[in-house]
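419 is the number of the first residue of the sequence shown in this note's numbering; add one for each residue after it. Even glycine gets a Cβ: it sits at the ideal position worked out from N, Cα and C. On a predicted model such as this, the values are computed, not experimentally measured, just so you know. Single-structure report; data block below.
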Amino acid sequence: MRSLLVVAALALSAPALAQPPATPPAPRPPAVADPTVAPAAAIQALVAQAKAQRTSNQPLVSLLLAQGPGYTNRVDYRASVGPANLHEVENEIFYVLEGSATLMTGGTLIEPTAPRNGNRNGARVDGGGAKDVKVGDVMFIAAGTPHWFSAVNGLVVLSIHTQPGKP
Numbered sequence: 419m420r421s422l423l424v425v426a427a428l429a430l431s432a433p434a435l436a437q438p439p440a441t442p443p444a445p446r447p448p449a450v451a452d453p454t455v456a457p458a459a460a461i462q463a464l465v466a467q468a469k470a471q472r473t474s475n476q477p478l479v480s481l482l483l484a485q486g487p488g489y490t491n492r493v494d495y496r497a498s499v500g501p502a503n504l505h506e507v508e509n510e511i512f513y514v515l516e517g518s519a520t521l522m523t524g525g526t527l528i529e530p531t532a533p534r535n536g537n538r539n540g541a542r543v544d545g546g547g548a549k550d551v552k553v554g555d556v557m558f559i560a561a562g563t564p565h566w567f568s569a570v571n572g573l574v575v576l577s578i579h580t581q582p583g584k585p
């Protein structure tokens, strides 16, 4: 009798086990539908969302604000020091919305990862120049330039990635 129950249970569960794997969630759409204007309220909502989504061991939460041909705009919340970056084909512009940091640019990307979508991460930047940045400051990082926030204090930036030569 016990064998019959096991066989029956397996037979009834077989269709559930044979289901295709669940599809991953679709990428989130940009926070603003019109990529030509990002209202302050949309930016502040993303800042609040990024802070709420952060886990204790997560140095960066980056949320899509808007994108168009040749550019992507994100709101980045950096609660602690994270990896260094190098974008092989993208320029990056940061506008500081909240907090402060020390930005290292130039020099050498230490322990670089293999390129992924034209981007590399690393442990840090050595030999670059250090700049202290605060609310209202704008930083321009040319494609191919290693950069790293070596110290952060509740840093929130608007991060704008552009590809040279694209409209």
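Residue(s) in a DSSP beta bridge with residue i
i    : result
A548 : M522
N539 : N503
V514 : V575
N475 : Answer is none; N475 lacks a bridge partner.
Status (buried if at least 16 other CB within 10 Å, exposed otherwise) for residue i
i    : result
P533 : exposed
E529 : exposed
V553 : exposed
F512 : buried
V556 : exposed
G546 : buried
P487 : exposed
V455 : exposed
N535 : exposed
A459 : exposed
P564 : buried
T441 : Because T441 sits at a pLDDT of 43, beneath the cut-off of 50, its placement in the model cannot be relied upon, and the point is left open.
A444 : Only weak support exists for where A444 lies, its pLDDT of 48 falling under 50; the value from the coordinates is given anyway. Classification for A444: exposed.
Where the alpha helix (DSSP H) containing residue i begins and where it ends
i    : result
V465 : A458 to Q471
Distance, residue j Cα to residue i Cα
i    : j    : result
Y489 : L482 : 11 Å
I578 : N475 : 25 Å
L422 : Y495 : Caution is warranted here: a pLDDT of 40 is assigned to L422, below 50, making its placement in the model unreliable, and the coordinate value is therefore given only provisionally. Going by the C-alpha atoms only, they are around 57 Å apart.
K469 : A548 : 26 Å
P582 : N509 : 7 Å
G362 : L464 : Residue 362 is absent from the structure shown; the chain starts at 419 and stops at 585.
V479 : D452 : 23 Å
R492 : A561 : 17 Å
L435 : A466 : In this predicted model, L435 has a pLDDT of only 39, less than 50, meaning its place in the structure is not dependable enough to derive any value.
Q471 : D544 : 31 Å
A497 : P477 : 5 Å
V499 : W566 : 8 Å
N- and C-terminal bounds of the beta strand (DSSP E) containing residue i
i    : result
V575 : H565 to T580
I484 : For the record, residue 484 in the displayed sequence is Ala; it is not Ile. Where A484 is concerned, the enclosing beta strand (DSSP E) stretches over L478 to G486.
T490 : Y489 to R496
V556 : V556 to I559
Near the ligand NAD: residue i beta-carbon under 7 Å from a heavy atom
i    : result
L573 : This structure simply doesn't include the ligand NAD, nor any ligand for that matter.
_Does the region 537 to 552 come into contact with the region 497 to 504, if we say contact requires no fewer than three beta-carbon pairs (one atom in each stretch) closer than 8 Å?_
yes
*Examine the Cβ distances between the region 514 to 531 and the region 563 to 572 and report whether three or more of them are shorter than 8 Å.*
yes
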